[in-house]
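These protein sequence lines map, in sequence, to chains Y and B. Terminal number for the first sequence in our numbering: 236, no gaps in between. Terminal number for the second sequence in our numbering: 249, no gaps in between.
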Amino acid sequence: MVQALGHVTIGVVRDLGRAGWFLLYSCYMIVRRPGSLVHVLKQLRFIGTKSLFVIVLTAGFTGMVLGLQGYYTLAKFGSEGMLGTAVALSLIRELGPVLAALMVTGRAGSAITAEIGIMRITEQIDALETMALDPFKYLVTPKFIAAMISLPLLCAIFDVIGIYGGWLVGVKLLGVNPGAYFYEMEKSVVWRDVYSGFVKSFSFGVIIAWIGCYKGYYAGHGAEGVAKATTESVVLTSVIILVWDYFLTSVLL
Amino acid sequence: MITLRNVHKSFGAQKVLDGLDLDIPAGQITAIIGPSGEGKSVLLKHLIGLLQPDSGTVEVDGESIVDLRRSELNRIREKFGMLFQNVALFDSMTVFENVAFPLQEKTSLSKEEIRSRVVSALEDVGLKNIDDKFPDELSGGMKKRVGLARAVVLNPKIILFDEPTTGLDPIIKRAIHELIKDTHAKFGFTAVIVTHEIPDIFDVAQNIAMLFRGKILQHGTPDDIKNSSDPAIRQFISGSLDGPIRMA
């Protein structure tokens, strides 16, 4: 019993250490040898551009439901005019960064783990090593850089589309004054709100690349190992994003 | 010259290498034979630092490669080329890109020079007009040959072959053995071949080492091995079911 507990604890501590080292070494490599521009552009296209559709879609509906719920709540106090503020603040401060990150995790984080995991089990990573090439330079750093650039941009797009989703429902469907919707928003959203959203989405980008690459790099054996790594990667990334979001919010508030 | 002294390696409770000693002479073809699952690939991965021994030393040209910093290890790895058991071609790259990759990353050759080096490396292994194919569109024998071209394209001093002919038809097997002999005669590299090809390997290798129960049972010329009196070696060469080697 005690032995089993110790065994598990040692395993967890070792994993944490390995993951921490992985992140530090990735950061070091980003500074030292960021990899070729072609690799980074390829990853930008994959993580950023190809996530656009799903981001626009979810942002639109998130904004619309915020418009509905916000109107329902605000109407109780007779302050429907504040709808623009409510929608914009919830999106920019919280929902934009978090939902965009969760969508990218599902779409790109899983693919990152699967790709690197398959390269691990088919010895392609070993092949790079035998050529005296650092696998991080080809597989890891381009993904980090691409995620750190893509996430804030995707988050900005999410915010804009979401605000217009709320406008569509609030103004066009429920008859909120269009002037009030944007005027109140302009008055109450400050730079600090936007800034905190960007800090969040940037750090979520790091988390997605970190866990995605780490889980793939240390994938177990065979197809099952890659499948397990991919599942763990998506679950762990999502959990870390939500936990980190809480701490970051309490610091940035 | 690669020297292994008293190398131990275990995976969990399973002891794979148990105080192994081996000298691999420079400029010659050395074959490592032995029953399946005895750790021949594990031994090969120790030579290039993909696996580190639990204890013991591995030296390449007099330099230890155990517990080196990555940059130091990479400097030594520049001497090596390796053909993996399942070839390990980069599956998102075409055949041409696979062979060109080490040249692009490790040399400052121009595009035209790289192209001509790749084309001649592929012709050396008897492959033409498959530049734009992806690895999963190739047969097993073609993949092995592309892997061979990728391993030799930088003219390394030492080349490691992990079962270069397993799963191939007898003609392609013969062709690959001839290819290894010819390129060896041409470039004079040190070759280490992990293989099961008895008796073909007797015509290819100048040295043969038999790995059994974590140690080198005997190391000598093909004739030494053929005329060995060791019961395990006799059993392995004759492919008999009776003897000290038991199927796991």
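Every residue gets a Cβ at the ideal spot worked out from N, C-alpha and C, and that includes glycine. The structure presented is a predicted model; accordingly, all values stated were derived computationally and were not measured.
Inter-residue CB distance, residue i and residue j (contact presumed, cutoff 8 angstroms)
i	j	result
Ile33 (chain B)	Phe237 (chain B)	Not really, about 12 angstroms apart at Cβ, beyond 8 angstroms.
Asn228 (chain B)	His220 (chain B)	That pair is no contact at about 14 angstroms.
Cys138 (chain Y)	Ser73 (chain Y)	At roughly 13 angstroms, the Cβ-Cβ gap does not stay under 8 angstroms, so Cys138 (chain Y) and Ser73 (chain Y) are not in contact.
Gly53 (chain Y)	Ala42 (chain Y)	16 angstroms between Cβ atoms; not a contact.
Asp55 (chain B)	Lys10 (chain B)	5 angstroms
Gly142 (chain B)	Leu169 (chain B)	5 angstroms
Thr96 (chain Y)	Lys198 (chain Y)	5 angstroms
Val205 (chain B)	Gly148 (chain B)	Rounded, the Cβ-Cβ distance is 17 angstroms, inconsistent with contact.
Met131 (chain Y)	Gly79 (chain Y)	So it is not a contact: roughly 17 angstroms between Cβ atoms.
Pro165 (chain B)	Phe81 (chain B)	About 15 angstroms; that fails the 8 angstroms criterion.
Val209 (chain Y)	Ser93 (chain Y)	With 8 angstroms as the limit, Val209 (chain Y) and Ser93 (chain Y) do not qualify as a contact, their Cβ atoms being about 11 angstroms apart.
Met102 (chain Y)	Leu122 (chain Y)	7 angstroms
Ile38 (chain Y)	Phe141 (chain Y)	5 angstroms
Ile239 (chain Y)	Ala91 (chain Y)	It is not possible to answer for residue 239 (chain Y), since the shown part of chain Y is limited to -16 through 236.
Where the alpha helix (DSSP H) through residue i begins and ends
i	result
Thr220 (chain Y)	205 to 235
Arg175 (chain Y)	174 to 200
Gly82 (chain B)	It is not in any alpha helix (DSSP H) - Gly82 (chain B) instead sits in the beta strand (DSSP E) that spans 81 to 84.
Gln105 (chain B)	96 to 107
Leu40 (chain Y)	35 to 59
Gly20 (chain B)	Not the alpha helix (DSSP H): Gly20 (chain B) falls in the beta strand (DSSP E), residues 15 to 25.
Gln219 (chain B)	Here Gln219 (chain B) belongs to no alpha helix (DSSP H); instead the beta strand (DSSP E) covers 216 to 221.
Leu72 (chain Y)	66 to 73
Ile66 (chain B)	Segment: none, Ile66 (chain B) is in no alpha helix (DSSP H) and carries neither H nor E.
Asn250 (chain B)	Not covered by the structure: residue 250 (chain B). The range shown for chain B is 2 to 249.
Minimum C-alpha distance to residue i - residue among the options
i	options	result
Gly28 (chain B)	B:Ala186, B:Glu60, B:Ala233, B:Leu155	B:Ala186
Gly203 (chain Y)	Y:Ile104, Y:Lys155, Y:Gln26, Y:Glu167	Y:Ile104
His297 (chain B)	B:Lys41, B:Gln15, B:Phe12	The structure shown does not extend to residue 297 (chain B), since chain B spans only 2 to 249, so no value can be given for it.
Val81 (chain Y)	Y:Ser221, Y:Phe5, Y:Val234	Y:Ser221
Leu161 (chain B)	B:Glu60, B:Ala192, B:Asp243	B:Ala192
Leu20 (chain Y)	Y:Val(-5), Y:Lys126, Y:Gly(-6), Y:Arg175	Y:Lys126
Ile253 (chain B)	B:Glu64, B:Pro36, B:Ser72	Examination of residue 253 (chain B) is not possible in this model, given that chain B is present from 2 through 249 alone.
Leu66 (chain Y)	Y:Leu235, Y:Glu167, Y:Val209, Y:Glu215	Y:Glu167
Ser62 (chain Y)	Y:Tyr164, Y:Leu134, Y:Leu116	Y:Tyr164
Lys134 (chain B)	B:His178, B:Val96, B:Glu114	B:Val96
Gly158 (chain Y)	Y:Gly205, Y:Leu51, Y:Met131, Y:Val217	Y:Leu51
Gly31 (chain Y)	Y:Thr88, Y:Ala210, Y:Asp(-2)	Y:Thr88
Cys196 (chain Y)	Y:Lys170, Y:Ser133, Y:Phe119, Y:Glu169	Y:Phe119
Ala101 (chain B)	B:Arg71, B:Asp132, B:Asp224	B:Asp132
Asp224 (chain B)	B:Met211, B:Ser93, B:Glu114, B:Phe203	B:Phe203
Ser133 (chain Y)	Y:Asp176, Y:Met86, Y:Val(-5)	Y:Met86
Leu212 (chain B)	B:Asp22, B:Phe12, B:Ala14	B:Asp22
Phe190 (chain B)	B:Thr31, B:Ile177, B:Val120	B:Thr31
Pro136 (chain B)	B:Asp125, B:Arg151, B:Glu124	B:Arg151
Trp239 (chain Y)	Y:Val234, Y:Glu215, Y:Ala206	With chain Y running from -16 to 236 in the structure shown, residue 239 (chain Y) is simply not present.
Cβ neighbour criterion (16 or more within 10 Å) applied to residue i
i	result
Ser9 (chain Y)	buried
Ile172 (chain B)	exposed
Val195 (chain B)	buried
Tyr200 (chain Y)	buried
Asn99 (chain B)	buried
Val14 (chain Y)	exposed
Phe29 (chain Y)	buried
Val17 (chain B)	buried
Tyr178 (chain Y)	exposed
Thr108 (chain B)	exposed
Trp150 (chain Y)	buried
Gly240 (chain B)	exposed
Glu112 (chain Y)	buried
Gly18 (chain Y)	buried
Thr58 (chain B)	exposed
Lys145 (chain B)	buried
For residue i, the first and last residue of its enclosing beta strand (DSSP E)
i	result
Ser56 (chain B)	56 to 61
Val123 (chain Y)	From DSSP, Val123 (chain Y) is part of no beta strand (DSSP E); its letter is neither H nor E.
Thr211 (chain B)	It should be noted that the sequence gives Met, not Thr, for residue 211 (chain B). It spans 208 to 213 - the beta strand (DSSP E) in which Met211 (chain B) sits, taken as one unbroken run.
Arg16 (chain Y)	Note, Arg16 (chain Y): premise wrong, no beta strand (DSSP E); not H, not E.
Asn87 (chain B)	That residue, Asn87 (chain B), is in no beta strand (DSSP E); it is neither H nor E in DSSP.
Asn7 (chain B)	3 to 12
Ala192 (chain B)	191 to 195
Leu161 (chain B)	159 to 163
Ile33 (chain B)	30 to 34
Contact list for residue i against chain D, beta-carbon separation under 7 angstroms
i	result
Ile49 (chain B)	Structure shown: chain D not included; protein chains present are Y and B.
So if I threshold CB-CB distances at 8 angstroms, which residues from the stretch 110 to 133 of chain Y count as touching chain B? Listed by position along the chain: Ala110, Glu112, Thr113, Met114, Ala115, Leu116, Asp117.
Output needed in chain order: residues of the stretch 99 to 129 of chain B with a Cβ under 9 angstroms from some Cβ in chain Y. Per Cβ criterion, the list reads Phe102, Pro103, Glu106, Lys107.
Any C-beta of chain B within less than 7 angstroms: which residues of the stretch 80 to 112 of chain Y qualify? From the stretch 80 to 112 of chain Y, only Thr105, Glu106, Gln107, Asp109, Ala110, Glu112 have a Cβ closer than 7 angstroms to chain B.
May I ask you to list, following chain order, the residues of the stretch 137 to 170 of chain B that have a beta carbon less than 7 angstroms from some beta carbon of chain Y? For the stretch 137 to 170 of chain B, the set of positions with a beta-carbon nearer than 7 angstroms to some beta-carbon of chain Y is empty.
Name, going along the chain, the residues of the stretch 84 to 95 of chain B whose beta-carbon falls closer than 9 angstroms to a beta-carbon of chain Y. Residues passing the 9 angstroms Cβ filter: Phe85, Gln86, Asn87, Val88, Ala89, Leu90, Phe91, Asp92, Ser93.
Using a Cβ cut-off of 7 angstroms, which residues of the stretch 6 to 29 of chain B contact any Cβ in chain Y, in chain order? Under the 7 angstroms Cβ criterion, the stretch 6 to 29 of chain B contributes no residue.
If contact means a Cβ-Cβ distance below 9 angstroms, which residues of the stretch 223 to 247 of chain B contact chain Y? Those residues of the stretch 223 to 247 of chain B that come within reach of chain Y (Cβ to Cβ, closer than 9 angstroms) do not exist; the list is empty.
Please list, in chain order, the residues of the stretch 38 to 71 of chain B that have any C-beta partner in chain Y closer than 9 angstroms. Hits within the stretch, in order: Lys46, Ile49, Gly50, Leu51, Arg71.
Within 8 angstroms of chain Y by C-beta, residues of the stretch 184 to 202 of chain B in sequence order: In summary, no residue of the stretch 184 to 202 of chain B has a CB separated from any CB of chain Y by less than 8 angstroms.
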